[in-house]
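First comes the structure, then the notes that go with it.
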Amino acid sequence: MHQTPVARVFLRKRAFDLVFASLVAALLLSWLLPLLAILIKLESRGPVLFKQLRTGKDGKPFYCYKLRTMYLNDDSDQRQASRGDSRITKIGGFLRKTSLDELPQFINVLRGEMSVVGPRPHMLQHTMIYSQVIDNFMERHAVVPGITGLAQVAGHRGETRETEAMVKRVHADIFYISNWSFWLDLKIVLLTIRQAVRGHENAF
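Under full-length UniProt numbering, the residues of the sequence shown are numbered 1 to 204, in order.
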C-alpha cells in the first residue's frame, strides 16, 4: 500500500518528535525536572505540575502539562498571565522567562498529544472566543499543537489584549502548516533555544 503525501509528512514529523523528545527526556528532564521541582516546592505550596485543558488537533481538548509558576489561585483557567502579575512566583518568573515551564510538555509529545513544533494550544474559552471573531482561526487546529512554533519565534507571544495580535499569530501558524519541512522545524527549534537562553521580553 502506497502512503499518501500527507501520511508521509505525518510519519516524518512524528519520527522527529519521538527522537527529539526522547533525547530531551534522557539528557535534560531526568535531572533538571527534579531540581526545578525542589525550587518550586521551597517557594510555595501546591503541586509541582500544573495541567490545563487546551484545544488540540481537530478541536479536541487535552490536558497540557507545565511546571507550576503561580501561587495557587482560582482563576488560572480564566485569566492569562500578564506583565507584573502578582500570581507569579519568583521561580515562576524565571521559568516563564526562559520557557523552562514548558518542559513537561515533552510528556505530551511522547503521548502524541503535542508536537515539538506547531501552533501553540490555547485555553478552551480562548478557542471559543477567537473562532468567532477570526474567520480562519480553526485552520490552525488541522495539525497537532506544538511546544513552540513559528508565531512564537517571530515574536508573537505573551498576553493577547487585542484581536489583531491573535490574527498575526494565526497567519504565522497557517503559513507554518502550509510550508512545513524538517528544516523549518529545526530552524524554529534552534531559534527557540536562542530565545530561551536570552529570555524573551514577552515571556511573563
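Yeah, the Cβ is synthetic: ideal placement off N, Cα and C, and Gly gets one too.
Beta carbon of residue i nearer than 8 Å to that of residue j
i, j, result
"VAL153", "THR192", "yes"
"TYR65", "LYS51", "yes"
"VAL117", "ILE188", "yes"
"ALA151", "ARG169", "yes"
"ARG45", "THR69", "no"
"PRO47", "THR55", "no"
Outcome for residue i when other beta-carbon atoms lying within 10 angstroms are tallied against a minimum of 16
i, result
"PRO121", "buried"
"MET166", "buried"
"VAL133", "exposed"
"LEU100", "buried"
"GLU102", "buried"
For residue i, the residue or residues it bridges with in DSSP
i, result
"PHE62", "ARG54"
"SER115", "GLY146"
"ILE88", "MET70"
"LEU49", "LEU67"
"MET123", "ARG54"
Inter-residue CB distance, residue i and residue j (contact presumed, cutoff 8 Å)
i, j, result
"PRO104", "LEU67", "6 Å"
"ILE174", "ASN136", "7 Å"
"PHE106", "ALA21", "5 Å"
Cβ-heavy atom distance, residue i to the ligand ATP, below 7 Å
i, result
"PHE94", "Looking for the ligand ATP in the displayed structure turns up nothing, as the structure carries no ligands at all."
Worksheet item: How do the segment 117-137 and the segment 32-43 stand: do at least 3 beta-carbon pairs fall below 8 Å, yes or no?
Response: Pairwise C-beta distances place the segment 117-137 out of contact with the segment 32-43, as fewer than three of them are shorter than 8 Å.
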